[in-house]
Each structure stands twice: as structure tokens, then as C-alpha cells.
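Student: Position in the sequence shown (first residue = 1) + 2 = my numbering. The structure that follows is given in the form of C-alpha cells.
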Amino acid sequence: MAGSEPAGAQGGGGLLRLLLLLCLLGKAATWTAFADQENVPTVPGTSLMSELVLPPLGNQVDFCAVAATSFSKGLLMCGSGQPCGTACGTSWDSLLRDAQAIIGLPCDEIERRANAWAGSGWGEDGIFSQADYLLLEGKCLTTVNCDPSYCAPSITSSALRPHSEECDAFSVSNGSYSFPFLTWRSLQFYERNMLGCSGGLNTMRTATLKTWACVHQPECRRLSEDDMACFRYDHVRGEFLFWGWNSRLALAAPLAQLDASFCDDSGASGVLDARIVTGVRGVDLQRVVYVFYAVDPVNRQLFPFRSGGVAELGVDGCEPVRLKSKTRYWLEMDAGDQYYIYKGWFQTDRGPEAMKVAVSVYPVLDSCDSLGITLQWCKGEGPDLDTYLFVPDVEGGLYVLDEDHALYW
3 MAGSEPAGAQ
13 GGGGLLRLLL
23 LLCLLGKAAT
33 WTAFADQENV
43 PTVPGTSLMS
53 ELVLPPLGNQ
63 VDFCAVAATS
73 FSKGLLMCGS
83 GQPCGTACGT
93 SWDSLLRDAQ
103 AIIGLPCDEI
113 ERRANAWAGS
123 GWGEDGIFSQ
133 ADYLLLEGKC
143 LTTVNCDPSY
153 CAPSITSSAL
163 RPHSEECDAF
173 SVSNGSYSFP
183 FLTWRSLQFY
193 ERNMLGCSGG
203 LNTMRTATLK
213 TWACVHQPEC
223 RRLSEDDMAC
233 FRYDHVRGEF
243 LFWGWNSRLA
253 LAAPLAQLDA
263 SFCDDSGASG
273 VLDARIVTGV
283 RGVDLQRVVY
293 VFYAVDPVNR
303 QLFPFRSGGV
313 AELGVDGCEP
323 VRLKSKTRYW
333 LEMDAGDQYY
343 IYKGWFQTDR
353 GPEAMKVAVS
363 VYPVLDSCDS
373 LGITLQWCKG
383 EGPDLDTYLF
393 VPDVEGGLYV
403 LDEDHALYW
């Protein structure tokens, strides 16, 4: 039955609570997992320094700017005459990795910075060539004096995203920007939407890798429906490095998502006018706006999980909304000025079969001379109920719970 939104929530969401208990807790860029924040924090013993100036935020990855920024980080971390420690070496490893991505591409900025640092010798045609890359690699060995392991970056150990053969369109979002790398803010965005989680590596931890994170990216064609791409956070590099798929690593419980549609099997509106008994009862879906609230497992308060207009769900409004299975949502739905706002619980099944959002909305009464009540059952035929409404003995008095003061049908 429709009602007002509760201050908290009771019960439901077993799988949701399990997934979030397993978890400890836009834009991303290669040089740091903090690239979508205003400043890079300074963390002693790592390659994170507030002096590093990041390019402005944007929805397109400028790989030249990425490599140039990695170059600046390498110079900041490797002072003249200083030994090439872990922070310096990993910075140059990241720099060479990012430089590999721009071979054959125009990048005046990295050539300008390289010439200012090491003198002439770099190409001046504006194209970062293979020869430029090999010169940079040689500088890692001779000028910076890093161990060879830092000067020959491995695609498998320092990759920031899945290989294109596994996912040719990988991207993550922080709610404002989408980029093909993971940052802390984008991870938090996925965690809030229950599409990702993180935790400690425990017995698998190393001196530089101590935390894992997994996020769901539905655009990856080779992922199963609820698989997640998993990363390890390198706290010295300040980067999330791609590790593998959750279906193989088994770091977190599957997301187990399912689809829910506002249409019935025939494609007709599943949002019904409660006062129409026969004939066409469906409300125009193009006017319907919805919010699915989930339950925060910590404070038991509701927070928006999915929201939008049904008009955005395809031409007929029948495209599905992605929800979690075996989860209790508080649904609020506005069907337009002619109807009262619907409010009530919506319980999803185990899945993976799609569900139908079938609810009744009551038309706005022209005058307050009648009462409308809608009853709703989840599945099957409704039970044969006697519904009573008790009235007071006198106007403004107390309600009297006896047969003489009961209206029922």
C-alpha cells in the first residue's frame, strides 16, 4: 500500500548487506588516482606530491598531457644526484608506460620539457617518435640511474585498464567525468551505486600493493552480466593497476543484478490508473518520474539508488532499469499532476529473470468528499480481505473500534 517515506527501513536487502559488508568502504588519469581532485596529496615515501600540477578536468583523455604530467612527476621524484629509490623508479616506470601510449602522436609538450631538462637531442617535429622513446628509456638508465626493472615497463604489471581484447570500451565515471582509468572518487561513486567495492589484500599484500578494488562496467563485451574489473592500488605510484576479473579472482560476491521494466509483457504501461476497472488502465509512461531508494546498511537510512524519467527508457519507456536482486527498495513515482505520488516498497526477486514494475496510482480528487485506497499484492491472486475503516463517535473525537463505527467492504 502506498504511504509516506519512512525515516529508516526495516528488513530486506540480504544480498545488498552481504555485498557491502564485504567492502571496506570520474574522471581518472594515469599519473595518479587523485587526478579528479583539486590537488594531489603529499604522501611521504610515495610519488604523490602536491607540487604536481595536473591538467584541467575534461571528458576526453589527452594522452600527451598524461605523458607530460608523468614526465614532470618523474623529475619531481628524482632529484639531481639522488639515488633512484622506489618512489623515483616507479615514477619513471609510469612515465615510460605513458610515453609508449603516444609514440607516433603529436606531443610538443613532452618534447619541450625533455629538451629543457636534458638539452637538445629530442625530436623537434612535434611528433613523439620511437627514437624519442628510446632516448627517454636510456635517460632512465644513465641519467637517473634507475634499476633496469624500472626502465622497461611491463604492460602486464602496470596496466591501468583491461586489455582491449578483453574490453575494448572500458571506462569508469565519478558522476561527472568518464575516463578509461580508475580513481578514488570514481571508486566511491561505484560503491555508492552498489556497482563496486574494495578491501585489503591481507596475505596477498606486498610492499607497494595493499588494497584491491572492483567495479562493474557493463560495456565490456566479454564480462558476464555481473562481473567486475578488479584493480590493485599501488600506494607508491598512487595508481590503480588492473589485476583481473572478479569471476576469476573471487574477491567479492557477484553483483547479481536484474532488469525491471515499467511495461507489461505486451509492451503496455504497467503503471495503472486505480479508478479504472476495465479497459485501458495504463498511465502515460512519458510523464512518469521515479526514484528507487536503497537502504544504507550502516545507518539504516534510505538513499537514492536509481532515478530518472521513464521517457528516458527507450522510445516506449519499456527499456529496463538495472536493480540488484533480492533487495528491498522504497519506490517513489510521480505520474504527473493528475495523480497522487506513489510511495511504497518494491522487492526484487533472486533473478536473473526480468521483473515488472506494476503499481497503481490514484487520480487527484477534485474535492475532499471521498476517500480512495489502493491495495496491492506482489504475486498471484489477491486474498479475499474485509477492509475496515473506523470513524469517530463525534466530529473531532476519538476513533471507536467497534462494528457500529466501522465502514467496510
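Glycine is no exception: its CB is placed at the ideal position from the N, C-alpha and C atoms.
Ends of the alpha helix (DSSP H) at G140?
Tutor: Here residue 140 is taken as the residue at index 138 of the sequence shown, counted from 1. Counting along the chain, the alpha helix (DSSP H) containing G140 begins and ends at 132 to 144.
Student: Would G272 and K358 be called neighbours here (beta carbons separated by less than 9 Å)?
Tutor: Position 270 of the sequence shown, counted from the first residue, corresponds to residue 272. Position 356 of the sequence shown, counted from the first residue, corresponds to residue 358. Yes, the pair counts as a contact, with Cβ atoms nearer than the cut-off.
Student: Report the residue ranges of all beta strand (DSSP E) runs contained in full by the segment 236 to 321; include only those spanning at least 3 residues, in chain order.
Tutor: 241 to 247, 259 to 263, 273 to 275, 291 to 297, 304 to 311
Student: Who are R234's beta bridge partners in DSSP?
Tutor: Position 232 of the sequence shown, counted from the start, is the residue given in the question as residue 234. Answer is W214, L243.
Student: Any idea what DSSP makes of M206, helix, strand or coil?
Tutor: By 1-based counting over the sequence shown, the position of residue 206 is 204. The answer is helix: DSSP assigns M206 an H, G or I state.
Student: What would DSSP say about R352, mapped onto helix, strand or coil?
Tutor: For the purposes of this step, residue 352 is identified with residue 350 of the sequence shown, where counting begins at 1. Coil.
Student: Quick check: the Cα distance between R308 and G87, rounded to an integer number of angstroms?
Tutor: Counting from 1 along the sequence shown, the entry for residue 308 is found at position 306. Counting from 1 along the sequence shown, the entry for residue 87 is found at position 85. If I take the Cα positions, the gap works out to 47 Å.
Student: May I ask you to report which of helix, strand or coil DSSP gives M196?
Tutor: If you number the sequence shown from 1, residue 196 lands on position 194. DSSP places M196 in coil when its eight states are reduced to three.
Student: In this structure, what does DSSP give as the bridge partners for E334?
Tutor: Position 332 of the sequence shown, counted from the first residue, corresponds to residue 334. In DSSP, E334 forms a bridge with V293, K345.
Student: Using the three-state DSSP reduction, which class does R163 fall into: helix, strand or coil?
Tutor: One-based indexing of the sequence shown puts residue 163 at position 161. Looking at R163 - three-state DSSP - the assignment turns out to be coil, as it is neither helix nor strand.
Student: Straight-line CA distance for G198 to F305?
Tutor: The residue labelled residue 198 in the question sits at position 196 within the sequence shown. The residue labelled residue 305 in the question sits at position 303 within the sequence shown. Spanning the two alpha carbons is a distance of roughly 17 Å.
Student: If the criterion is Cβ atoms closer than 9 Å, does the pair C90 and C169 meet it?
Tutor: Position 88 of the sequence shown, counted from the first residue, corresponds to residue 90. Position 167 of the sequence shown, counted from the first residue, corresponds to residue 169. Against a cut-off of 9 Å, the Cβ pair of C169 and C90 comes out as no contact.
Student: Mark V400 as exposed unless 16 or more other C-beta atoms lie within 10 angstroms of its C-beta, in which case mark it buried.
Tutor: For the purposes of this step, residue 400 is taken as residue 398 along the sequence shown, with counting starting at 1. Contrary to the premise, residue 400 reads as Leu rather than Val in this sequence. That one is exposed.
Student: Just to confirm the assignment, what range does the beta strand (DSSP E) spanning K362 have?
Tutor: By 1-based counting over the sequence shown, the position of residue 362 is 360. Residue identity check: residue 362 is Ser in the sequence provided, not Lys. Note, S362: beta strand (DSSP E), 361 to 363.
Student: As a quick exercise: from F172, V323, L136, I129, pick the residue whose alpha carbon is nearest that of M230.
Tutor: If you number the sequence shown from 1, residue 230 lands on position 228. Ranking F172, V323, L136, I129 by Cα distance to M230 puts F172 first.
Student: On the three-pair Cβ rule with 8 Å, is the segment 290 to 303 touching the segment 334 to 350?
Tutor: yes
Student: Alpha helix (DSSP H) containing L97: first to last residue?
Tutor: Reading the sequence shown from its first residue, position 95 is the one you call residue 97. Boundaries of the alpha helix (DSSP H) harbouring L97: 88 to 102, taken from the DSSP string.
Student: Looking only at DSSP bridge pairs, what is L78 linked to?
Tutor: Numbered from 1 along the sequence shown, position 76 holds the residue referred to as residue 78. L78 pairs with nothing; no bridge assigned.
Student: Once DSSP output is grouped into helix, strand and coil, what is the label at F181?
Tutor: Counted from its first residue, the sequence shown places residue 181 at position 179. In the structure shown, F181 sits in a strand (DSSP, three-state: E or B).
Student: Please classify T350 as buried or exposed, where buried requires at least 16 neighbouring CB atoms within 10 angstroms.
Tutor: What you label residue 350 is simply residue 348 of the sequence shown in a count that begins at 1. Counting other Cβ atoms within 10 Å of its Cβ, T350 reaches 16 or more and is therefore classed as buried.
Student: Which term fits I278, buried or exposed, when burial requires 16 or more other beta carbons within 10 angstroms of its beta carbon?
Tutor: On the sequence shown, position 276 is the one that residue 278 refers to. Classification of I278: exposed, given that the 10 Å Cβ count is below 16.
Student: What residue range is occupied by the uninterrupted beta strand (DSSP E) comprising L325?
Tutor: Taking the sequence shown and counting its residues from 1, one reaches residue 325 at position 323. Taken as a continuous stretch (DSSP letters only), the beta strand (DSSP E) holding L325 covers 323 to 326.
Student: Where P150 and C80 are concerned, what is the direct C-alpha to C-alpha distance, given to the nearest angstrom?
Tutor: As a first step, residue 150 is located in the sequence shown; it is residue number 148 there, counting from the start. As a first step, residue 80 is located in the sequence shown; it is residue number 78 there, counting from the start. Between P150 and C80, the C-alpha separation is close to 15 Å.
Student: Mind checking which residues open and close the beta strand (DSSP E) that includes L391?
Tutor: As a working note, residue 391 is residue 389 in the sequence shown. Start and end: 390 to 392.
Student: Do you know offhand how far V297's Cα is from S175's?
Tutor: As a position in the sequence shown, residue 297 is number 295, starting the count at 1. As a position in the sequence shown, residue 175 is number 173, starting the count at 1. C-alpha separation (whole angstroms): 23 Å.
Student: Apply the 10 Å Cβ neighbour rule to M196 and answer buried if 16 or more other Cβ atoms are within range, or exposed otherwise.
Tutor: Taking the first residue of the sequence shown as position 1, residue 196 is located at position 194. That one is buried.
Student: Between the C-alpha atoms of T210 and K345, what's the straight-line distance to the nearest angstrom?
Tutor: Position 208 of the sequence shown, counting from 1, holds the residue named residue 210. Position 343 of the sequence shown, counting from 1, holds the residue named residue 345. Approximately 49 Å, taken between the alpha carbons.
Student: Candidates E355, Y342, F348: which alpha carbon is nearest Y413's?
Tutor: As displayed, the chain neither begins before 3 nor continues past 411, which places residue 413 out of reach and without an answer.
Student: Taking the alpha-carbon positions, what's the S180 to T329 distance?
Tutor: Along the sequence shown, one-based indexing puts residue 180 at 178. Along the sequence shown, one-based indexing puts residue 329 at 327. Those two C-alpha atoms are separated by around 28 Å.
Student: On the three-state DSSP scale, how would you describe V402?
Tutor: The sequence position of residue 402 within the sequence shown is 400, counting from 1. Residue state, collapsed to three classes: coil.
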